[in-house]
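Undergrad:
4 protein chains.
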Amino acid sequence: MIISIDARSSVPIYQQLKTALIAGILSGQIKEGERLASVRDLGSDLGINLHTVRKVYGILADEGYIELTRNQGAVVGKPPKLDKEGMAQFEKVLLPIVIELRARDIDKEQYHQMMDRLWDESIG
Amino acid sequence: MIISIDARSSVPIYQQLKTALIAGILSGQIKEGERLASVRDLGSDLGINLHTVRKVYGILADEGYIELTRNQGAVVGKPPKLDKEGMAQFEKVLLPIVIELRARDIDKEQYHQMMDRLWDESIG
Amino acid sequence: MIISIDARSSVPIYQQLKTALIAGILSGQIKEGERLASVRDLGSDLGINLHTVRKVYGILADEGYIELTRNQGAVVGKPPKLDKEGMAQFEKVLLPIVIELRARDIDKEQYHQMMDRLWDESIG
Amino acid sequence: MIISIDARSSVPIYQQLKTALIAGILSGQIKEGERLASVRDLGSDLGINLHTVRKVYGILADEGYIELTRNQGAVVGKPPKLDKEGMAQFEKVLLPIVIELRARDIDKEQYHQMMDRLWDESIG
DNA sequence: GTGGTCTAGACCACA
DNA sequence: GTGGTCTAGACCACT
């Protein structure tokens, strides 16, 4: 599992890391029951602050992806299914983006093509 | 044209306003050639600072949605079409969201349903 | 002599008018000794405020293009030649623009082409 | 890299600073990959407000000269090349200036001399 | 400590 | 009256 962080990106490092880990779990590179690297190791590997790593692990634990235990580090669990409320939250984030796309005169076909492309890329 | 701002949201006020104005232009509530309210009026209407409104107007002008003149206020123009590069930028923003959706075990059909729903809502 | 003013432009109206009048004098459409339209006439013709026209006439008089008399209106004189100091002022305005052009990786040949194009257009 | 700001000039402070920074990048005094001073440091160095500096950094980032990150400051990137549209914008700004130059009875040779002089100075 | 947002009040150029 | 610039001080997110 190789993770690359772009410190210059406008996307916060903790979000990049979060996305990368979730993608790793999704794609099966990190399997259920496996342990993630320790906060310290992962931090120094990626050249980022260990507080940042700890924060991400905390978020992933909150969202149910992993379980944090005092001595055994971070263990991967089953990703929680999306309920109606969670879905609504995603839509809230997506709506303004879709609005802007439409403002830019994109048509429905282009929109679908784009979304399919994203779906395919997301398994990278 | 009714705009509501949620000051407590984590989404910056200026972005909420930007989205609302673009949506207004898109949906035809604000037509090409029409004038937007002055920064002072809109600011006091919404209970936000005129500088925040100014910032939004500046961004919309930069992106080609409106034209700003010192004495005639903000006039709505034609929204600029989306080129390939612009499209790529949108995809960059969307990709991590799609990845997280997939992590949450959404399937392709649900995904399409969601995107269609968003498309329909975006015309508000 | 037809003058068109774009009220929406980011260029101040008074500058557009100033440029147009100077161009008219340069191109011979308005000749030495002739009278310009009255402040009132020109203002209502162009649909702009007569204060704005008055301001332009004042500037042109200051710069020596025309002479203002109480009863005879604005009479065209000889355009003043450019002395070293005047030249330096122009260069001060132009330098940052040239700097930005170079920053954008324009080469000397493109630069010359652009300047020649401008020279030719300026007699429009 | 020495920057001097003339607060009394009619040219906005933020534009003076923008020009100076672009010139610094162009002339190699600030190299690709280097960090600019923080908004606070540069502001207090120059005796101007940090928000004014922030505005300039924002513009430079929009135009692609630098990249801004929350914690690593402003990093110099590659200046973006000029496309046809960008070129047209420059010409729009330059045309009235050239018209006025011609009105002042400058001839083509003087014009070329002036432009060459500017070209040479711009690498300062 | 970094940049990002918001508020606030002042003064200016323009019409 | 309009938008444009500058200053100022506060709080926030991120590292």
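Residue numbers (my numbering), protein chains in the order written: chain A, 8 to 131; chain B, 8 to 131; chain C, 8 to 131; chain D, 8 to 131.
Note that CB positions come from ideal geometry on N, CA and C, so glycine has one too.
Check whether chain C comes within 8 Å of L101/D, counting only Cβ atoms and requiring the distance to be less than that.
TA: yes
Undergrad: Would the stretch 35–48 of chain B count as touching the stretch 58–71 of chain B if we require 3 or more Cβ pairs under 8 Å?
TA: yes
Undergrad: Under 7 Å Cβ to Cβ from A14/B, same chain only, skipping five residues before and after it: list those, please.
TA: I20
Undergrad: Check the Cβ-Cβ distances between R111/A and every residue of chain B, and say whether any is below 8 Å.
TA: Yes, its Cβ sits closer than 8 Å to a Cβ of chain B.
Undergrad: Using a Cβ-Cβ cut-off of 8 Å, state whether T26/B counts as contacting chain A.
TA: yes
Undergrad: Select from the stretch 39–70 of chain B all residues with a C-beta closer than 9 Å to any C-beta belonging to chain A, and list them in chain order.
TA: none
Undergrad: Compute the Euclidean distance between the alpha carbons of A30/B and R124/D, then round it to the nearest angstrom.
TA: 49 Å
Undergrad: May I ask you to report which of helix, strand or coil DSSP gives G35/B?
TA: Coil.
Undergrad: Is P87/D buried or exposed, if buried means 16 or more other CB atoms sit within 10 Å of its CB?
TA: exposed
Undergrad: Can you confirm whether the stretch 75–95 of chain C touches the stretch 102–115 of chain D when touching is taken to mean that 3 or more C-beta pairs between the two stretches lie within less than 8 Å?
TA: yes
Undergrad: Would you say V105/B reaches chain A, if we count a Cβ-Cβ gap shorter than 8 Å as a contact?
TA: yes
Undergrad: Return the bridge partner residues of R42/A from the DSSP annotation.
TA: Note: R42/A sits in a beta bridge opposite V82/A.
Undergrad: Which residue marks the beginning of the alpha helix (DSSP H) containing E92/A, and which one marks its end?
TA: Run containing E92/A: K91 to A110, per the alpha helix (DSSP H) assignment.
Undergrad: Quick test of your reading: S17/B and Q23/B, contact by CB under 8 Å. State the CB separation rounded to the nearest angstrom.
TA: Between Q23/B and S17/B the Cβ distance is about 11 Å, and since that is not below 8 Å, they are no contact.
Undergrad: Taking beta-carbon pairs under 8 Å, can you tell me which members of the stretch 84–98 of chain C lie near chain D?
TA: P86, P87, K88, L89, G93, M94, F97 and E98
Undergrad: Below 8 Å on the Cβ atoms is my contact criterion, and I expect I106/C with S11/D to pass it. Report the Cβ-Cβ distance as a whole number of Å.
TA: Not confirmed; about 15 Å, so no contact.
Undergrad: What do you get for A27/A, buried or exposed, if any count of 16 or more other CB atoms within 10 angstroms of its CB means buried?
TA: buried
Undergrad: Check each candidate in M122/A, I32/A, I9/A and W126/A and name the one with the smallest Cα separation from Y72/A.
TA: I32/A
Undergrad: Examine chain D for any beta-carbon lying closer than 8 Å to the beta-carbon of Y21/C, and answer yes or no.
TA: no
Undergrad: Counting only beta-carbon atoms, is E121/B nearer than 8 Å to chain A?
TA: Looking at the sequence itself, residue 121/B is Met, so the reference to Glu does not match. At a cut-off of 8 Å between C-beta atoms, M121/B counts as an interface residue with respect to chain A.
Undergrad: So which of L101/A, N78/A and W126/A has the shortest CA-CA distance to W126/B?
TA: L101/A
Undergrad: Under 8 Å, Cβ to Cβ, is there at least one residue of chain A near L75/B?
TA: With respect to chain A, the C-beta atom of L75/B has no partner C-beta closer than 8 Å.
Undergrad: In whole angstroms, give me the CA-to-CA distance for M8/D and H58/D.
TA: 21 Å
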